[in-house]
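Undergrad: Would you mind keeping the following structure in view while I ask a few things?
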Amino acid sequence: MQMKANLKDVRVKRRGKTILGPITCDLDPAGITIVLGPNGAGKTTFLKVLHGVERLSGGDVSWNVSDEQARRAQAYVFQSPIMLRRTVRQNLAYPLQLIATPKPQIATRVASWAAKTGLTDALDVSAPRLSGGEKQKLALGRALIRDPKVVFLDEPCANLDGRSTREIEALLMKATADGTHIIMTTHNLGQAKRLADNVIFLLDGQIHDRGPAPAFFAKPRSPQAQAFLEGDIVE
1092 MQMKANLKDV
1102 RVKRRGKTIL
1112 GPITCDLDPA
1122 GITIVLGPNG
1132 AGKTTFLKVL
1142 HGVERLSGGD
1152 VSWNVSDEQA
1162 RRAQAYVFQS
1172 PIMLRRTVRQ
1182 NLAYPLQLIA
1192 TPKPQIATRV
1202 ASWAAKTGLT
1212 DALDVSAPRL
1222 SGGEKQKLAL
1232 GRALIRDPKV
1242 VFLDEPCANL
1252 DGRSTREIEA
1262 LLMKATADGT
1272 HIIMTTHNLG
1282 QAKRLADNVI
1292 FLLDGQIHDR
1302 GPAPAFFAKP
1312 RSPQAQAFLE
1322 GDIVE
């Protein structure tokens, strides 16, 4: 089933300041959706709202499935990946154990995703000892191993070198080809142009532009988005 989200008058406030919203829109995810915007635009908060882990000050977020189905069909990867203090093997197995996957299936899928992420030789290494790029690949593999419908990624390549970035991007493109929708933030316009099927441009907690990537990059509809693409300071 295609996952679809509806946001109605969504607002997030902290200490009396509006961080996000009001936002009313429908999301019909497909491929890779890139969320762009300057620092402080509300990109991370927007992801957390969609994932259901941010307390709303007003409004409502709903998916076209039950709340339980929506939770089980999603995964979230933080900018600084959280590693369980266990081996790579145990980190990959953990999401499958939570949903009571039979042990033989766990072993097979762990081996498969270790190969996909290039971590086969590190399966018995303690995850906190991995390099930054390896940790990010492990976090992504751990998110994708359950075959989720939607994965939220917050700046997954922000602190990685070129080689690690290419490897992460290859994993993302393969995941979308296999039917997982990616919604991710990035400051890297080059990466956005390489990956995006759709773009959402946030500024001051509101959506200022959105649409198919080719149209957005060729002719953004808002002057703020145009200025951002030209490298100007937008506030």
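Just add 1091 to the spot in the sequence shown (first one is 1) and you have our numbering.
Yeah, the Cβ is synthetic: ideal placement off N, Cα and C, and Gly gets one too.
(1) Less than 7 Å separating the beta-carbons of Ala-1283 and Thr-1276?
(2) Please state if the CB of Leu-1189 and the CB of Ile-1236 are separated by a distance shorter than 7 Å.
(3) Output the distance between the C-alpha atoms of Lys-1095 and His-1272, rounded to the nearest integer angstrom.
(4) Counting C-beta neighbours from all protein chains within 10 Å, is the total for Ala-1306 16 or more, i.e. buried, or is it exposed?
(5) Can you grab the Cα-Cα spacing for the pair Lys-1099 / Ala-1198, in whole Å?
(6) Run the CB neighbour count on Asp-1300, radius 10 Å, all protein chains shown included, and call it buried at 16 or more, exposed below.
(7) Thinking C-beta only, is Val-1168 closer than 7 Å to Leu-1244?
(8) Which residue spans inside the stretch 1108-1174 form an unbroken alpha helix (DSSP H) run of at least 4?
(9) Going by other Cβ atoms of all chains shown within 10 Å of its Cβ, with 16 needed for buried, is Thr-1124 buried or exposed?
(10) Check the DSSP bridge columns for Arg-1105 and list the partner residues they point to.
(11) For Thr-1267 and Gly-1122, what's the separation of their Cα atoms in angstroms?
(12) Answer yes or no: do Pro-1186 and Gln-1227 have a C-beta to C-beta separation smaller than 7 Å?
(13) Note down the Cα distance separating Thr-1178 from Arg-1312, rounded to an integer number of angstroms.
(14) Taking the straight line between their C-alpha atoms, what separation do you get for Lys-1103 and Val-1144?
(15) What residue does the beta strand (DSSP E) around Thr-1276 start on, and which one ends it?
(16) Return the bridge partner residues of Ala-1096 from the DSSP annotation.
(17) Between Ala-1202, Asp-1269, Ala-1249 and Asp-1117, which lies nearest to Gln-1181 when the distance is taken from Cα to Cα?
(18) Identify every residue that forms a DSSP beta bridge with Ser-1217.
(19) Determine the contact status of Ala-1304 and Val-1325, defining contact as a CB-CB distance below 7 Å.
(20) Taking only the alpha-carbon atoms, compute the straight-line gap between Lys-1194 and Gly-1131 and give it to the nearest angstrom.
(21) Would you identify the three-state DSSP class for Arg-1200, choosing helix, strand or coil?
(22) Can you tell me the Cβ-Cβ gap for Gly-1232 and Trp-1204, rounded? I've got them flagged as a contact below 8 Å.
(23) According to the Cβ coordinates, are Ile-1114 and Ile-1274 closer than 7 Å?
(24) Reducing DSSP to helix, strand and coil, say where Pro-1305 ends up.
TA: So, from the data block:
(1) Cβ distance not < 7 Å, so Ala-1283 and Thr-1276 don't count as in contact.
(2) Cβ atoms of Ile-1236 and Leu-1189: not closer than 7 Å.
(3) The straight-line gap separating the alpha-carbon atoms of Lys-1095 and His-1272 is approximately 11 Å.
(4) So Ala-1306 ends up on the exposed side.
(5) Approximately 42 Å, taken between the alpha carbons.
(6) Buried: at least 16 other Cβ atoms inside 10 Å.
(7) Going by C-beta atoms, Leu-1244 is nearer than 7 Å to Val-1168.
(8) As far as the stretch 1108-1174 is concerned, its whole alpha helix (DSSP H) runs of at least 4 residues are 1134-1142 and 1158-1163.
(9) So Thr-1124 counts as buried.
(10) DSSP output for Arg-1105 lists Lys-1108 as bridge partner(s).
(11) If you take the alpha carbons of Thr-1267 and Gly-1122, they lie about 5 Å apart.
(12) Between Pro-1186 and Gln-1227, the CB-CB gap reaches or exceeds 7 Å.
(13) Rounded to whole angstroms, Thr-1178 to Arg-1312 spans 48 Å at the Cα level.
(14) In the sequence under discussion, the amino acid at residue 1103 is Val, which differs from the Lys named in the question. One C-alpha to the other measures close to 12 Å.
(15) Here the beta strand (DSSP E) through Thr-1276 covers 1272-1276.
(16) Its beta-bridge partners are Leu-1118 and Trp-1154.
(17) Taking only the C-alpha atoms, the option nearest Gln-1181 is Ala-1202.
(18) According to DSSP, which records beta bridges pairwise, Ser-1217 is partnered with Thr-1178.
(19) Cβ atoms of Ala-1304 and Val-1325: not closer than 7 Å.
(20) Answer to the nearest angstrom: the Cα atoms are 44 Å apart.
(21) Three-state result, Arg-1200: helix.
(22) Contact flag correct, Cβ pair sits at about 4 Å.
(23) With contacts defined as CB atoms closer than 7 Å, Ile-1114 and Ile-1274 fail to qualify as a contacting pair.
(24) Assigned with DSSP and collapsed to three states, Pro-1305 falls in helix.
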